[in-house]
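Residue numbers for the sequence shown, in mature numbering (1 follows the signal peptide of the UniProt record, and there is no 0): -21 to -1, 1 to 306.
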Amino acid sequence: MTLRRSLLAAAALLLALPVQAADPPSPDAIVDAFEAVLGPITNYRPSHPKGTCAVGHFTATPDGTRLTVSPVFSGQRIPTLIRFGVGGANPNASDVARSTRSLSIRFDTPSGDVWEMANISAPIFGAPTPQALVDGLLARRPDPATGQPNAERVAAFVAANPATTLQGRWLAANLPPASWATTPYWGVNTFMFRGQDGQVRPARWVFEPRAGVQRLTEEQVRTIGTNFLADEMRRRVATAPVEFDMVLQFPGQGDDLLNPTIAWPDDRPRTVVGRLAVTEVSAGPGGPCDPVSFLILDQAPGITMSDDPTLQARASAYAVSLSRRTR
C-alpha cells in the first residue's frame, strides 16, 4: 500500500469514529463567565438578584403521591421557604422589564428531607447547553475601550447559536406579569419521577396560578412604576393565601428531553400533583431566603435529574456562586 493510500485509509477510519463531545465548562468557568460581564460577585446573586422572601406550604395531591415516592409528595402539609425574583443581573431591576420573573422554593419535610428548585416565568431556558451559556456571556463582555459589548462579536455568537434567542423572543412577545401571583413558573428542565409502581417517568413541571394569568397592559407598563411587585404581593397575601397548582407535563414520542430551549407541545399529558400556598411575605428587602441558593435539585430516589446538561451544571454552579457572594 502506498503512503498516500495509507493516509487516506487512516483518515477514513478517523472520520468513521464517533465524535467525542467536548467536556462541559466547570462550575467555576460558568460563574467566571457571569463575572466577566457583571464584575465580581459580592453580596447578591448574579441572576434574579432583586427579590422578596415568603413562606407557605405545599400539599401533594393523590396523583402526586402516586407518581413519586419523594417524601415531599407524601400528602402531608410541607413547610416551604419561597423567593420571588425579577430577572437580569441588577438588584434594582425594573418590575416592568421584559425579563423573567422567578419562583424558588425550598421544601422541608418533618423528617428533615430537603428539596429545592428554581423556576422562571418563561417555558424555555436561554441556552441549550452550559457551553452556549458561557459563550454567550463571554461574547457580551464589555469592551475595555467603550465599556459596552462588542456588537460584531455578539452578532456572530447569535448567528452561530440561534437557540439562544428563543427565550428573548418569547419574552418580547408577552407583556410583563401584573403580579408575582398571576404568572406561571416553569421548571424548563426534565426530571425523572419514580412512582409508587416503581416506574420512572420523565416529566417537566409548571406552577400555574390559581388566580389566573394576568399581564400588564401597555399603559400600565408606562405608568405603574418600577417597584410594585413586592408591595402588591404583600397586599394580596394579607387578604388570602396566594396559591399555585404544580402540574407535571409528560413528553410525547420524539419530544426532546435534554434541550431546555424547546418547550413540549401543550397537548402533552398533564397531571396536577400538588398545591403551593404562599401565606406570608417578608416586610422588606432581604429575609430568610437570601442565603439560600436553591441548589438541592433532586430527592433520590423519588425525583432525580435527567441527563440534560444545563440541569446537570446548575447545582455545582449555584454552589460556587453562593461561596463567592458569602465569602
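Cβ atoms here follow ideal geometry from the backbone N, Cα and C, with glycine treated the same way. Quick caveat, the model's predicted, so the values are computed rather than measured.
Within the stretch 279 to 305, the complete beta strand (DSSP E) segments of 3 residues or longer fall at 282 to 284, listed in chain order. A Cβ-Cβ distance of about 5 Å is found for the pair Arg303 and Ile20, placing them in contact under the 8 Å criterion.
The residue among Ala292, Leu276, Thr40 and Ala15 with its C-alpha nearest the C-alpha of Arg120 is Ala15. The DSSP assignment places complete beta strand (DSSP E) segments of no fewer than 3 residues inside the stretch 159 to 235 at 170 to 173, 179 to 188 and 221 to 228, in order along the chain. The C-beta separation of Ser53 from Thr40 comes to about 12 Å, leaving the pair out of contact by the 8 Å criterion. When Cβ pairs closer than 8 Å are counted between the two stretches, the stretch 196 to 205 is seen not to touch the stretch 232 to 252, the count staying below three.
Collapsing the DSSP output to three states places Thr59 in a strand.
For Ala262, no beta strand (DSSP E) run applies, since DSSP gives it neither H nor E. DSSP links Val252 through a beta bridge to no other residue. Between the stretch 287 to 298 and the stretch 103 to 110, the count of Cβ pairs shorter than 8 Å is three or higher; the stretches touch. Under the DSSP assignment, Arg132 falls in the alpha helix (DSSP H) whose first and last residues are Ala130 to Ala139. Ranking Lys29, Asn140, Ile84 and Arg56 by CA distance to the CA of Thr38 puts Arg56 first.
Taking the Cβ atoms as the reference, Glu211 lies roughly 35 Å from Ser295, outside the contact range of under 8 Å. Each residue's CA atom was taken as its position, placing Ala68 and Leu17 some 7 Å apart. With 16 or more other Cβ atoms from the protein chains shown falling within 10 Å of its own Cβ, Pro156 counts as buried. By the neighbour-count definition (other C-beta atoms within 10 Å, threshold 16), Ser81 is a buried residue. With distances taken between CA atoms, Thr31 lies nearest to Leu208 out of Leu208, Asp42 and Val137. Per DSSP, Leu112 is one residue of the alpha helix (DSSP H) stretching across Pro109 to Ala118. Under the three-state reduction of DSSP output, Ile9 falls in the helix class. Per DSSP, the unbroken alpha helix (DSSP H) holding Arg45 starts and ends at Pro41 to Leu46. Non-local C-beta neighbours of Phe13 in its own chain, meaning closer than 8 Å and more than five positions away in sequence, comprise Ile20, Pro25, Ser26, Ala68, Leu116 and Ser300, ordered along the chain.
Note on Asp74: 16 or more other CB atoms within 10 angstroms of its CB, so buried under the neighbour-count rule. The criterion of a C-beta distance shorter than 8 Å is not satisfied by Val51 and Ile103. Contact annotation: Thr59 and Leu255 have beta-carbon atoms nearer than 8 Å.
Ile20 is bridged by DSSP to nothing; it lacks a bridge partner.
Taking the Cα positions, Pro3 is about 28 Å away from Pro123.
Among the bridge pairs identified by DSSP, Pro121 is matched with Pro128. The secondary-structure analysis by DSSP pairs Asn153 with nothing; it has no beta-bridge partner.
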